[in-house]
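Add 126 to the 1-based position in the sequence shown for our numbering, that's all there is to it.
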Amino acid sequence: MARRDDLDRFYRLLDTLRQRVGGPRKLKNCTGYMDWPDRGVYVFLEPGETRDATEQLRVTRVGTHAVSAGSSTSLWDRLKQHYGTGSGSSAHPHGGNHRGSVYRKRVGEAIIEKHALHDDYPDWNARWSSIDRDRSTVRDEEYILERRVSAYLREQPFLWIALDDEPGPDSDRVYVERNAIALLSNVGTSTVDPRADGWLGRYSRSRAIRESGLWNVDHVDETYDPDFLDRLEQAVAETTPPE
C-alpha cells in the first residue's frame with residue numbers, strides 16, 4: 127500500500143502543478159520564445175489513457191537534462207530535441223534527429239515493430255559511426271518515420287517542474303527524475319495503473335519499456351526513496367507558467 131499511497135501523492139502534486147502552470151502543454155504549441163525555466167524536470171502524459179479508476183492522465187516518460195558537470199543544456203533545448211525540426215527546415219520539415227533524442231528513438235523503434243517496417247529502416251538503431259553509407263541518404267530514408275515520430279510526440283501533453291540547480295550527477299533534478307521513474311515503474315513489483323493494450327510502448331523492443339509502462343529504460347528496476355516527494359513538492363510550489 128505504501129507505493130500506491132506514494133503514487134497518489136505524486137499525482138496529487140501533478141494536479142497542483144497543472145493548476146500553477148495553467149494545464150499541460152503540447153510540443154506542437156510550444157516555442158523557445160516562451161519563458162521556460164533554465165533547468166527542470168518534465169513528465170509526458172498519455173492522451174486518453176488515465177490511471178486506474180481515476181481521470182488523471184497517466185505519466186509515460188520522465189526526463190531531465192544537463193546531468194553532466196558543466197553542461198549548459200537548457201530545459202527547452204531538451205524539449206526541442208524531442209520536438210524535432212520545424213516547418214522552416216528546408217530539407218526535412220517536421221522531421222527530427224532520433225540519434226539526438228532517446229525518446230524519439232524509442233518511439234520510432236516501437237512504430238517499426240508494430241508495423242513490421244524493419245526492412246524500410248535498417249539503420250534506425252545504429253550509431254553514425256557504425257553506418258557505412260552516406261549520411262544524407264540515410265536521413266532521407268528515415269525522414270518519413272521521423273515525421274511520424276514528431277506527429278506522435280507533439281500530441282503528448284507534458285508538464286514541467288522548475289528545478290534550477292547546478293548540473294551534475296548528484297543534482298536535485300537527477301534525484302527527482304530517478305526516483306519518479308522508480309516509483310512509476312511496474313518492473314519487478316505489483317502492477318499499479320495498468321497500461322492500456324493499445325499503448326504504443328507495448329510494441330517496444332525494450333523489455334524495460336514494455337514492463338515499466340514508461341518510455342524510460344534507466345532506473346525502472348530500482349527502489350525509490352519516498353523522501354523525493356518532499357523535494358518535488360517544494361519544486362512544484364516554485365514553478366510558474368512560461369509567458
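Even glycine gets a Cβ: it sits at the ideal position worked out from N, Cα and C.
C-alpha gap between residue i and residue j, whole angstroms
i, j, result
"Trp-202", "Pro-368", "11 Å"
"Trp-371", "Asp-260", "Coverage of the chain is limited to positions 127 through 369, which leaves residue 371 absent and any answer about it impossible."
"Ala-217", "Tyr-329", "30 Å"
"Glu-303", "Val-185", "13 Å"
"Tyr-137", "Val-362", "12 Å"
"Arg-274", "Gly-234", "8 Å"
"Tyr-247", "Ile-238", "8 Å"
"Arg-165", "Thr-366", "13 Å"
"Asp-353", "Leu-310", "15 Å"
"Tyr-269", "Thr-211", "11 Å"
"Arg-177", "Phe-284", "16 Å"
"Trp-341", "Ala-334", "9 Å"
"Gly-262", "Ala-179", "What sits at residue 262 in the sequence shown is Ser, not Gly. Using only the alpha carbons, I get a separation of about 48 Å."
"Thr-220", "Pro-173", "It is His, not Thr, that sits at residue 220 in the sequence shown. Their Cα atoms are separated by approximately 21 Å."
"Ala-252", "Leu-153", "26 Å"
"Leu-171", "Asp-266", "30 Å"
"Pro-163", "Asp-141", "19 Å"
"Arg-146", "His-244", "43 Å"
"Met-160", "Thr-315", "40 Å"
"Pro-337", "Asp-291", "It should be noted that the sequence gives Glu, not Pro, for residue 337. Roughly 32 Å separates the two Cα atoms."
"Glu-364", "Ala-195", "24 Å"
"Leu-143", "Glu-175", "19 Å"
Closest by C-alpha distance to residue i, when choosing among the options
i, options, result
"Ala-308", "Glu-348, Arg-146 and Lys-231", "Glu-348"
"Asp-132", "Val-362, Thr-365 and Leu-355", "Leu-355"
"Tyr-229", "Glu-272, Arg-144, Arg-146 and Ser-200", "Glu-272"
"Gly-324", "Arg-144, Ala-236 and Gly-314", "Ala-236"
"His-224", "Ala-242, Asp-161 and Arg-204", "Arg-204"
"Asn-155", "Val-318, Ser-276 and Gly-327", "Ser-276"
"Arg-232", "Asp-134, Thr-317, Arg-187 and Pro-163", "Arg-187"
"Gly-149", "Arg-129, Gln-182 and Arg-130", "Gln-182"
"Leu-326", "Lys-152, Trp-162 and His-241", "His-241"
"Gln-207", "Gly-214, Ser-213 and Gly-222", "Gly-222"
"Glu-281", "Val-147, Arg-151 and Asp-141", "Arg-151"
Contacts around residue i, its chain only, beta-carbon distance under 6 Å, and the 5 residues preceding and following it disregarded
i, result
"Gly-158", "Trp-202"
"Val-167", "Thr-190, Ile-287, Leu-289, Arg-299, Val-302 and Glu-303"
"Gly-339", "Asn-312 and Arg-321"
"His-345", "Arg-304, Ile-307 and Ala-308"
"Val-169", "Val-185, Val-188 and Leu-285"
"Val-343", "Ser-332 and Ala-334"
Residue-chain proximity (residue i, chain C), Cβ-Cβ < 9 Å
i, result
"Thr-317", "Among the protein chains of the structure shown there is no chain C, as only one such chain exists."
Same chain, Cβ closer than 7 Å to residue i, neighbours up to 5 away in sequence not counted
i, result
"Glu-359", "Leu-139"
"Val-264", "Asp-249 and Ile-257"
"Thr-199", "His-191 and Ala-192"
"Arg-357", "Asp-298, Tyr-301 and Val-302"
Within 9 Å, strictly: CB atoms of residue i and residue j
i, j, result
"Ser-227", "Pro-293", "no"
"Tyr-350", "Leu-279", "no"
"Arg-135", "Val-318", "no"
Nonlocal neighbours in the same chain, by C-beta distance under 8 Å from residue i, ignoring five residues either side
i, result
"Val-193", "Pro-293, Gly-294, Pro-295, Ser-297, Arg-299 and Val-300"
"Ser-213", "Pro-219 and His-220"
beta-carbon residue i near the ligand HEM non-hydrogen atom, thresh 8 Å
i, result
"Thr-157", "No copy of the ligand HEM occurs in the structure displayed, which carries no ligand at all."
Sequence ranges, beta strand (DSSP E) only - wholly within the stretch 285-347, length at least 3: If we require 3 residues or more, the stretch 285-347 turns out to have no beta strand (DSSP E) run fully inside it.
Would you mind listing the beta strand (DSSP E) stretches within the stretch 158-229 that are 3+ residues and don't spill past its ends, in chain order? 166-176 and 183-189
Enumerate, from N- to C-terminal direction, the unbroken beta strand (DSSP E) stretches of 3 or more residues contained entirely within the stretch 251-288. Taking only runs of at least 3 residues, the beta strand (DSSP E) segments lying wholly in the stretch 251-288 are 283-288.
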